[in-house]
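Scroll down for the structure; my scribbles are underneath it.
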Amino acid sequence: MTQTAVRLSVPAACATVDLDADQLRVVMRPVGAGNLLVVGAPGSGKTTTAVETFLARAGSSAALGSHPLSSPALFLAPSRRAADRVRDAVGTRLLGEGGSTRGLVRSVASFAYAVVHARATALRQPPPTLVTGPQQDATLAELLAGHADGLGRDPRWPAGIGPETRAQPAFRNQLRDLLTRAVELGLSPEELADLGRRAGRPEWESAAVVLAEYTDVTVLGETPADRGARYDVAAVVDVATHALRTWREDLPDLAPPRWGTVVVDDYQDATLATARLLHALADDGAELVLLGDPDAGVQGFRGGTPALVGRAVTREAIGGFDAEREVLGTVWRGTPSLREVTRRVTSEISVVGGARHRSAPHAEVSEPEPRPGEAPHGVETAVLRSPSQQAAHVARRLREEHLHHGTPWSRMVVVVRSTGQVAGLRRQLREAGVPVAQEGARQALREEPAVRPLLTALRAVTGTLDAEAAVALLCSPLGGMDSVSLRGLRRSLRGAVAAELPEGSAPVAVRAATDDLLLEVLAEPVRAANLPGPHRSGPVRVSRVLAAGRAAHERGGGATEVLWALWDAAGLAEPWRRRALAGGAAGERADADLDALMALFRAAEQFDERHAGAGPAGFVAEVLAQDIAADTLAAQGQRRETVAILTPAGTGGGQWEVVVLAGLQEDVWPDLRLRDTLLGAGELADIASGRREPGTPVARSQARRDVLDDELRMLAVAVSRATRRLVATAVLDLDDRPSSFLELLGADSAGEAAGPVPPALDLRGLVAELRAALDSELLAEAHGQGQPDRREAAAALLAHLAAHEVPGADPEEWHGLAAASSTAPLHGPDQQVPVTPSTVETADRCPLRWALQTAGGRREDSLDQSLGNLVHDIAAEHPHGSLAELRTALEARWSSLGLGEGWVGQRSRAEAELMIERLAHYMAGVPGEVDVETAFTADVGRARLVGRIDRVERLGPADGDGEVVRVVDLKTSKNPVSEEEARTNAQLATYQVAVEAGGLAGAAESAGARLVYLGTGKAGATERRQVPPGEAEDPAWAHTLVARVADTMAGSRFEARVNPGCSHCPVRRSCPLQSEGRQVTQ
């Protein structure tokens, strides 16, 4: 057997920690000396001191009983992430010392759950479960919806909080915050209602009803005999406190868990519930060592109370531990200049719990002098001209650090004020070549791009599949199709349907039959496999996924089993794994998708555990009902060398060489809006904690002062994370102004924006810089100036890059320099030219605009266009619809616009209602036979007229064969053309030419055409009419127009012409007649 010698070495984290005199005094404090409060400025070594104290106490041999949870030392951190960091450090240290820990490292919530779980086990009860944030939100949504339907006890909300308000997610957020605060304060529903009466806050009385019902639902409801009680994170801490205090009474034969020393780090973020838990521990003999900084509280939105730091040295009922105070007097992190910035920020915060620690000096007396080539240190501020320039500036600074100074990506962090700023900045930095970490859940699980198709498939196999969901699956990673291939598939299916339907079937019937056939194909893999080759792949993949899911569901599989069957059949695991390992933007996207899927499967496992036998359909309903992101314990992919983008709360306990504060904007950071103004969770905390008497109004100025203090605390935490360099940025433009915080950080002035950002530090930026240099030198030489050496150097470097196939370096790739690929006309003299009526006017007015728009130079559909399309679809489905029928159709399809309930949605709905009324009024006046969305093709000279007509109104038989028809084009614009313009309207004229050329089946003669404007009109729609071409002064004018436009469209050159449409032309920037027009080389 081959033997390999292995040398084990102690990790760097095991190195001996050097402590200063203040830290040593804390660590060496003898056991039994009493409770201790340690206060220190950011960077003074509080966490280091906490860890060393914990390690020193973990070796104690104090007799604490036989309970498995008992240990000489307990370390409590405010969050799971902070606890993980300490646990790793402690475990590594003890491993290096050859020992094993007898201490316990937990977050407060995790520790509380462990106690509650231990008590349930001892009482032979099922284990309890924790309610996640999304589950809590969904439960509140169900309760509120039930109240609206008359179910349960009526909370009797005040008149100012109506049904529309209570249906909003923002209201649930405030209600959840209020209930969480009430639980943390130890208030029962009855006590909350009593405070509401005394404080004149009737909404608290209503919330007390919801709290009682919510408690019944979470603790008692949905809990079968084999399932334990359910608690949210706020409640579990008080449940643990109660369990510890009543342990001996409830379990007289089992010794309670005990701890000799409890070390609490970041105590400024502790809640009142945490303080009550610590009282229970202290009353049972535990010695407390509390470490914190009242200027660094960043968990106020979760009930964190910085005032508890100062209260620890008192004997108050909640938070008073009669502790001795120690102050850490030296700051070790960063540089003197960074320390001074932090001191400036904290000096602006109102004093809570003492201010002596603020004056702690840095260990270095003076700022070190920078040496040539050394990485920069200190503070830098920059004001940029736009958000995109800000992102480019941040990306350049990060890449400079990494490329020029070797700073690892993981030693840099970007901090923004709120989570809403993270996604956009992450995308911009990734595009600039900065690897960015994916930190935690970004959005509700149902909104994750990788999760949506699996939920759609899961819903399909447990229920029904409609056409919209089928299209979503085909165009998702499960099907792999795009819009072009989907159109091809639908065209193929439409051809098969048309062969089966009677000739002349309405377009609506053809569309419905096509949808039915698509669903049948996806339901049967064999039928999918028989599709034509180009359209087979996507349907085959989706049908196999759905078949696998149905088989698992029919076997009685739970949510996890059916979900796994879908995922396994999709065959995406290996491609996504390879993409994730390959790195780059695609790799980061795959990383995020795999993390989201892990969270989905974790959620499915938890659902199956909680709701045995509920089935996958219940899981889908639960996930779709969740509006907020959940913290998850599911494993996530870790890419060590990435830059994190965090909020101030996420930086607590960490440090980085380079910290970038991005987006220091007025009204963003600081955000001085008063919190919880509707339900007053902050006021509840003030009254319940004794800071205010019920019914005493708080001055608005004081409320804003409290908010400003919280904003300053977040700033202090963020700036104090830097060990070498701090970069702060803001934007100054027409919409945004820099924050006053920027000047607090040392900016000379926040009133002037910097110049353009240099090119990006990547090959693309280098090519751009070299091309700009070459262009400027050639232009200078043309005027008798310039530097030939600089020109030649730029050209040589571009040639070198081109030889290595760097994109954009080869002049052959430069737009505007290559010769035209072809000067041949678009259509030969003997070819038919496709002409659509909707483009005739544009091509006749300005051939260049027509050519550029045809090539893709169009704006995205606006809201007005989407609204118009909806009205057109309704008109097509109900050619003789009554007002009631049209309104019903509008109600059924309104949600497809996705406008929500806000002002824009309400305004658009009102406009749609008016258009529907005008449409009904017009239809009532046309009782005869009508064809809708009628397709036509007619050859007129070299023009092949093709298109669809909104309405073809049949007026009776013509003199010969066929019928007389009137063409109607529905418009949803609010600006009708004049009656004179309508007489020569190109679109109506082309329709009429097509009718007279036999383009419409059964139509022999045109009786004229109409433009019907549904967007304007008092009694009904505004109409504009056009007589038949033969009755005009020039009977040949319409045919002449069509022939002229066909010649224009067939040509090789397209002229720009000034016309009334220039002011709203979407391709003005490409027009030589406009001032903003530019060539591609400019």
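Going by our numbering, the letters in the sequence shown line up with residues 14 to 1095, in that order. Ideal Cβ positions, reconstructed from N, Cα and C, are used throughout, including at glycine. Remember, it's a predicted structure, so these values are computed and weren't measured experimentally.
Asked, Found
"Expected contact under 8 Å - CB spacing of Ala256 and Leu458 to nearest Å", "Not confirmed; about 32 Å, so no contact."
"Coil, strand or helix - Arg549 by DSSP", "coil"
"Other residues of its chain near Gln187: CB distance less than 8 Å, five sequence neighbours each side excluded", "Asp689, Leu691, Leu692, Ala694"
"Paired residues, beta bridge with Thr660 - DSSP", "None; Thr660 has no bridge partner."
"N- and C-terminal bounds of the alpha helix (DSSP H) containing Glu262", "260-263"
"For Asp952, the three-state DSSP class (helix, strand or coil)", "strand"
"Spatial neighbours of Val853 in its chain, beta-carbon cut-off 6 Å, leaving aside the 5 residues before and after", "Ala999, Thr1003, Val1058"
"Assigned secondary structure, Val428 (DSSP; H/G/I helix, E/B strand, else coil)", "strand"
"Opposing strand residues paired with His375 [DSSP bridges]", "Val344"
"Spatially closest choice to Ala572 from Glu622, Val539, Trp916, by CA coordinates", "Glu622"
"Through-space distance from Arg98 to Thr66, alpha-carbon basis", "16 Å"
"Same chain, Cβ closer than 8 Å to Pro729, neighbours up to 5 away in sequence not counted", "Looking at the sequence shown, residue 729 is not Pro but Ala. Once the five neighbours on either side are set aside, the close Cβ partners of Ala729 are Pro55, Asp308, Ala309, Thr355, Val358, Thr359, Ile362."
"Close Cβ partners of Pro1085 (< 7 Å) along its chain, the five nearest in sequence each way excluded", "Ala1069"
"Cβ separation of Val656 and Ala450, assumed to be a contact under 8 Å, to the nearest whole Å", "7 Å"
"For Glu339: DSSP bridge partner residues", "Val51"
"Three-state class that DSSP yields for Gly391 in the structure shown", "strand"
"Sufficient close CB pairs (3 or more, under 8 Å) joining the segment 144-162 to the segment 267-283", "no"
"Nonlocal neighbours in the same chain, by C-beta distance under 8 Å from Val1006, ignoring five residues either side", "Ala951, Val953, Leu958, Pro1042, Ala1051, His1052, Val1055"
"Trp907 in three-state terms, based on DSSP", "helix"
"Spatial distance of Asp823 from Ala815 (CA atoms)", "5 Å"
"Cα-Cα separation, Gly1164 to Arg243", "Residue 1164 lies beyond the range of the chain shown here (14 to 1095); nothing can be said about it."
"Proximity to Val464 [Cα-Cα], best of Val990, Val636, Pro661", "Val636"
"Straight-line Cα distance separating Val435 from Phe184", "24 Å"
"C-alpha distance - Arg70 paired with Asp749, whole-angstrom precision", "53 Å"
"Extent of the continuous beta strand (DSSP E) run through Ala220", "First-last for Ala220: 215-228, but that is the alpha helix (DSSP H), not the beta strand (DSSP E)."
"Spatial neighbours of Ala405 in its chain, beta-carbon cut-off 7 Å, leaving aside the 5 residues before and after", "Ala445, Val770, Ala773"
"Of the residues Arg271, Leu294, Asp963, Pro215, the one placed nearest Glu946, counting alpha carbons only", "Asp963"
"Leu958 in three-state terms, based on DSSP", "strand"
"Rounded C-alpha distance that separates Arg12 from Thr527", "Residue 12 lies beyond the range of the chain shown here (14 to 1095); nothing can be said about it."
"Sub-8 Å separation of Val52 and Val322 beta-carbons", "yes"
"For Val819, three-class secondary structure by DSSP", "coil"
"Reduced DSSP category for Arg979 - H, G, I as helix; E, B as strand; rest coil", "strand"
"Alpha-carbon to alpha-carbon, Gly778 and Glu826", "16 Å"
"6 Å CB neighbourhood of Arg737 in its chain, flanking five on each side removed", "His390, Glu670"
"Straight-line Cα distance separating Ala617 from Gly562", "15 Å"
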